[in-house]
Amino acid sequence: MFATLPTIIPFAEIKNSEAIPMSEISKEYDFKQVEERWVDTWDESIYYFDWNSDGPQYIIDTPPPYPTGNFHIGNALNWCYIDFVARYKRMRGYNVMFPQGWDCHGLPTEVKVEEIHKITKNEVPREEFRRLCEELTAQNIAKMRVTMRRLGFSNDWSNEYVTMLPDYYSKTQRSFVRMFEKGMIYREDHPVNWCPRCGTAIAFAEVEYDSRTTALNYLRFGSNLGDLEIATSRPELLAACVAVAVHPEDEKHGKYIGTEVQVPVFDYNVPVIADEVVDPTFGTGVVMICTFGDKQDVRWWVEHDLPLRQAIDRAGRMTEIAGKFAGMTIPECKEAIIEEMRSLGIIYKQESLDQNVGLCWRCKTAIEILSERQWFVKINPSEIIETSTEIEWVPEHMEIRLKNWTGTMDWDWCISRQRIFATPIPVWYCKKCGEPLVAKEDWLPLDPNLAQPPISCPGCGSDEFDPETDVLDTWMDSSISALNVTGWLSDHPPRYPAQLRPQGHDIIRTWAFYTILRAKALVGVRPWDSILVNGMVLGEDGHKMSKSLNNFIAPEEVVVKYGADAFRQWAAVGGSPGSDVMFRWKDVISGGRFLQKLWSMYRFSAPHAVKSSDAAPNQVDRWLLFELSTMIEAVTDSMDRFQFDEAFRAIRGFAWDVLADNYIELVKSRLYGADGPEKRAAQSTIYTAIEALTSLLAPFTPFIAEEIRQNLSGESVHTSSWPMPSGIPAQPEGSVIKDVAAAVRRYKSDRGMALNSPLAGIEVYSDLDLETIDLSGSTSSPVAVKRGSPKIETRAVEVKPQMKAIGPVFKNLSGEIIRKITSIDPEEVARQLETGKIEIEVGEEVVELGPEAVEIATETLSAGKAVEMIILAGVTVLIRTGS
RNA sequence: GGGCCCGUGGUCUAGUCGGUUAUGACAUCGCCCUUACACGGCGGGGAUCACGCGUUCGAAUCGCGUCGGGCCCA
Numbered sequence: 000m001f002a003t004l005p006t007i008i009p010f011a012e013i014k015n016s017e018a019i020p021m022s023e024i025s026k027e028y029d030f031k032q033v034e035e036r037w038v039d040t041w042d043e044s045i046y047y048f049d050w051n052s053d054g055p056q057y058i059i060d061t062p063p064p065y066p067t068g069n070f071h072i073g074n075a076l077n078w079c080y081i082d083f084v085a086r087y088k089r090m091r092g093y094n095v096m097f098p099q100g101w102d103c104h105g106l107p108t109e110v111k112v113e114e115i116h117k118i119t120k121n122e123v124p125r126e127e128f129r130r131l132c133e134e135l136t137a138q139n140i141a142k143m144r145v146t147m148r149r150l151g152f153s154n155d156w157s158n159e160y161v162t163m164l165p166d167y168y169s170k171t172q173r174s175f176v177r178m179f180e181k182g183m184i185y186r187e188d189h190p191v192n193w194c195p196r197c198g199t200a201i202a203f204a205e206v207e208y209d210s211r212t213t214a215l216n217y218l219r220f221g222s223n224l225g226d227l228e229i230a231t232s233r234p235e236l237l238a239a240c241v242a243v244a245v246h247p248e249d250e251k252h253g254k255y256i257g258t259e260v261q262v263p264v265f266d267y268n269v270p271v272i273a274d275e276v277v278d279p280t281f282g283t284g285v286v287m288i289c290t291f292g293d294k295q296d297v298r299w300w301v302e303h304d305l306p307l308r309q310a311i312d313r314a315g316r317m318t319e320i321a322g323k324f325a326g327m328t329i330p331e332c333k334e335a336i337i338e339e340m341r342s343l344g345i346i347y348k349q350e351s352l353d354q355n356v357g358l359c360w361r362c363k364t365a366i367e368i369l370s371e372r373q374w375f376v377k378i379n380p381s382e383i384i385e386t387s388t389e390i391e392w393v394p395e396h397m398e399i400r401l402k403n404w405t406g407t408m409d410w411d412w413c414i415s416r417q418r419i420f421a422t423p424i425p426v427w428y429c430k431k432c433g434e435p436l437v438a439k440e441d442w443l444p445l446d447p448n449l450a451q452p453p454i455s456c457p458g459c460g461s462d463e464f465d466p467e468t469d470v471l472d473t474w475m476d477s478s479i480s481a482l483n484v485t486g487w488l489s490d491h492p493p494r495y496p497a498q499l500r501p502q503g504h505d506i507i508r509t510w511a512f513y514t515i516l517r518a519k520a521l522v523g524v525r526p527w528d529s530i531l532v533n534g535m536v537l538g539e540d541g542h543k544m545s546k547s548l549n550n551f552i553a554p555e556e557v558v559v560k561y562g563a564d565a566f567r568q569w570a571a572v573g574g575s576p577g578s579d580v581m582f583r584w585k586d587v588i589s590g591g592r593f594l595q596k597l598w599s600m601y602r603f604s605a606p607h608a609v610k611s612s613d614a615a616p617n618q619v620d621r622w623l624l625f626e627l628s629t630m631i632e633a634v635t636d637s638m639d640r641f642q643f644d645e646a647f648r649a650i651r652g653f654a655w656d657v658l659a660d661n662y663i664e665l666v667k668s669r670l671y672g673a674d675g676p677e678k679r680a681a682q683s684t685i686y687t688a689i690e691a692l693t694s695l696l697a698p699f700t701p702f703i704a705e706e707i708r709q710n711l712s713g714e715s716v717h718t719s720s721w722p723m724p725s726g727i728p729a730q731p732e733g734s735v736i737k738d739v740a741a742a743v744r745r746y747k748s749d750r751g752m753a754l755n756s757p758l759a760g761i762e763v764y765s766d767l768d769l770e771t772i773d774l775s776g777s778t779s780s781p782v783a784v785k786r787g788s789p790k791i792e793t794r795a796v797e798v799k800p801q802m803k804a805i806g807p808v809f810k811n812l813s814g815e816i817i818r819k820i821t822s823i824d825p826e827e828v829a830r831q832l833e834t835g836k837i838e839i840e841v842g843e844e845v846v847e848l849g850p851e852a853v854e855i856a857t858e859t860l861s862a863g864k865a866v867e868m869i870i871l872a873g874v875t876v877l878i879r880t881g882s
């Protein structure tokens, strides 16, 4: 018996006072208009953290970017991740803080200011120069804020901080004072990495390495035992030579150990020492130790208690001890000294040598190691490594980078810098006795260059002081960001640790390292519960995106062309967090297409999506609700693991495949049909699905999610809750109906038939009680559901062994069983299968297989009638074509 | 030189505590303007899962090695 076709009511006659008619909704999604409108109208106070709330907190230690004026695509990727998390956690009921900070201090701004005003920093008063830097920084921050808003980030602007302002840098200064008082900060003469161009000390983290080719010079040192031949790549440091080293078991040079040799050109004696680190196969096997050619020299210097001979000054020029070379630059001296030694026959050989040299990461000048009186922070590697194990690293393996780095530092963190635009070190030196006077906490903030201490010198009572002109390393500012956002030294009770630190893997050795160090030193706890590490953004050529490689794309350019929601989809699906992500226009384009698809779905749904409570969902509705519930569960799980690609793919898959391509096609006839419980059930199901969909999309595509949700229900999606899975149980009927409808659609498509062309009849053979309303509606054909199997002859043509079932039971017999069962006649296997078991001989024994062990592929034997058969899992469909 | 990550259709990618026919996007080909969407729908072609050896009944997945790439460091 065929079910009757539902009556079709013309669209124009459908009146629904609650819903928006489709015709009023534009066919094309206008992302520009929608996004710009929401940027202008959103009330950002809904993103504010509530300091007074007792609810569960979720504080994000946003890494404060350097205000260059351009919010680049790498920032944008990281901020997308942060925003996904922040919006998700808010919807889960957390009291979320997504603060925005600005890490202002630093050399690039000083350089830029010098460029803009055509001055050098020494030409204007210190205070004036600082003011110009602040002015430029403020302009740059303003520019970057615009981009961030346009990208839809839900920053908490009530918790913005700017490290160059007294509010913040007083905390930096207080952290300095506290750590000094705890004995964690000290000042002493110590080798430091020095950039001669910038004229400042720099930390290991600021040293970059590059391979260069240089000359290895072979020269002779005079000795009573006969000239000693040594090889060096740094002859310009000859005047700084304090010893010569050989390997203790070096047979050729062993006799020199303990004697003295004469340094050529400068004619003074240095000892020959034995040290196992010397590579006897490199050069001549003899190495000259200078203060300081490299880090190894520093180690030897300490170990063997050698004297200090400083041949290079702060400006990178040769000092007095270099004699007639004094005043030359390093390259000038190198050239002159080689020339001199050549003419004297001291250099007897030169060969080229590939080596890696340390460079200043800002200006790429080769760094020198100088002994300078500087401020240092003590590093306790084991404490940092221990603390990092308390932190959840995502992805896990990134923690190894921190551990590796932590073990490689040869000396403490040098925190003084010889610059202007930075946090002043709150210290004076007594003019009379020279003792340093470190400010007390309640004097702060201050600049010792502008203020005098309120007390006399505790040592000698003098009232005359010189200010400390050095300033603090910028990492001293930024490494307390985690403490700052959790309310340290604020009016609020502190809430550390923060829950999340999102950052790139390129700054693990700096930011993550220093922040852990400082949190432990200052408050004794880890700075964060979790750290989420994002990859670098690669250009479409596969290389790290940078202006110099000319593969650079600005986020603004993408937003203008495809919108923020499309851009954010690239961030979500471009790669899983931690891996590098290539920027690809086609990902953005496909994101834009999805927006259009969503818009079309909404445009269709608008007149039909109506909440109602009195209509029980039918089988197809329940199938959709089950798929929705399952998807919500999966997405929630993915979000909890920060797997945004997984989460977004699941949402998009549901929206596109399940809801649009299948469910909506199935229920159209009900929606266009006469009012009644069946229609209302479909309307209500669509409403539920779209409502949930907009919530799930809200963290990813906040603009279109808001637009649709506001139109649908008049409420903001961004104050709504994350959907909960309904937990509706799985029932096979709806899924089978969907499969049959899809099969019929394919059938028509294969034959070039219009998809709405009616068939004479469809018979569905199944043991399930299938409802026919949506099947007949979506196929435009009468449908009958029958029990059992159709009277059609079939023949087994292939036996497909099921490895999953056979393997675990028969173990190493499996191979033989598979070979056997696929070699016998499939018809025979099929006959046996009807008895419920299959017996086959394997070698000597007879093995019994259950029905789960095989699947039989069959072929229909045509009965010569106008009947087509489609066999699906659990159902057989017969189509009467009517011819 | 060391550490970490990676190598899957033309391109990019999912899957990686072993188990039917390896996911998706973009590209490509064919058919279809079906009362939301042609920025759409249906279908097709296209991958010896870098290579070799091993463990196993069974390997993209586990182990070892080789080659190639990236990142961090020396």
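Just so we're aligned: 802 in numbering that gives the first Met the number 0 is position 803 of the first sequence, and the numbers increase by one with no gaps anywhere.
For each residue, glycine too, the CB sits at the ideal point set by N, CA and C.
Rounded straight-line distance, which links the Cα of GLU109 to that of GLY726: 60 angstroms
Beta-carbon proximity check, LYS363 vs ASP411, cutoff 8 angstroms: no
6 angstroms CB neighbourhood of GLU815 in its chain, flanking five on each side removed: VAL841
Helix, strand or coil at ARG316 [DSSP, three-state]: strand
8 angstroms Cβ cutoff met for PRO701 and ARG86: yes
Where TYR267 falls, given that 16 or more other Cβ within 10 Å makes a residue buried: exposed
Per-residue burial, LEU449 [other beta carbons within 10 Å of its own, 16 or more giving buried]: exposed
Pair within 8 angstroms by beta-carbon distance, PRO444 and VAL532: no
Rounded C-alpha distance that separates LEU769 from VAL619: 10 angstroms
In DSSP terms, what LEU305 is bridged to: According to DSSP, LEU305 bridges with nothing at all.
Where TYR347 falls, given that 16 or more other Cβ within 10 Å makes a residue buried: exposed
Whole-angstrom C-beta distance between ILE839 and ILE817, which should lie under 8 angstroms: 10 angstroms between Cβ atoms; not a contact.
Range covered by the alpha helix (DSSP H) that runs through ALA688: 676-696
Cβ neighbour criterion (16 or more within 10 Å) applied to THR6: With a pLDDT of 37 at THR6, under the threshold of 50, the modelled position of this residue cannot be trusted; read the value that follows with caution. Classification for THR6: exposed.
Check whether ILE414 and LYS170 have beta carbons under 8 angstroms apart: no
HIS189 - DSSP class collapsed to helix/strand/coil: strand
Nearest residue (CA-CA) to ILE419, options ASP465, VAL123 and ASP462: VAL123
Proximity to VAL484 [Cα-Cα], best of SER157, PHE551, GLY760 and GLY733: SER157
Proximity below 8 angstroms, CB of ALA238 to CB of GLY322: yes
Cβ contact (3+ pairs, closer than 8 angstroms) linking the segment 747-755 and the segment 681-691: no
Contacts around GLN642, its chain only, beta-carbon distance under 7 angstroms, and the 5 residues preceding and following it disregarded: SER575
Beta-carbon spacing of ILE368, ASP293 below 8 angstroms: yes
Assigned exposure category for TRP584 - 16 Cβ within 10 Å defines buried: exposed
Counterpart residues of TYR267 in DSSP-defined beta bridges: VAL262
Among GLY573, ALA325 and THR422, the one whose alpha carbon lies nearest that of LEU164: THR422
Integer Cβ distance of VAL269 from VAL243, believed to fall under 8 angstroms: 6 angstroms
Local Cβ density within 10 Å of TYR28, reported as buried at 16 or more and exposed below that: buried
Cutoff 6 angstroms; reference TYR46; Cβ partners in own chain excluding five residues on either side: SER153 and ASP155
Simplified DSSP state of MET581, which is helix, strand or coil: strand
Range of the contiguous alpha helix (DSSP H) that encloses ILE81: 72-90
Local Cβ density within 10 Å of PHE324, reported as buried at 16 or more and exposed below that: buried
Member of ASN51, ASP465 and MET178 whose CA lies at the smallest distance from the CA of PHE375: MET178
First and last residue of the uninterrupted beta strand (DSSP E) at ILE140: It is not in any beta strand (DSSP E) - ILE140 instead sits in the alpha helix (DSSP H) that spans 125-149.
Nearest-angstrom Cα separation, counted from ARG744 out to LEU150: 41 angstroms
Given 8 angstroms, three or more beta-carbon pairs between the segment 626-640 and the segment 592-610: no
Of the listed residues ALA202, SER637 and GLU235, nearest to ALA649 (C-alpha basis): SER637
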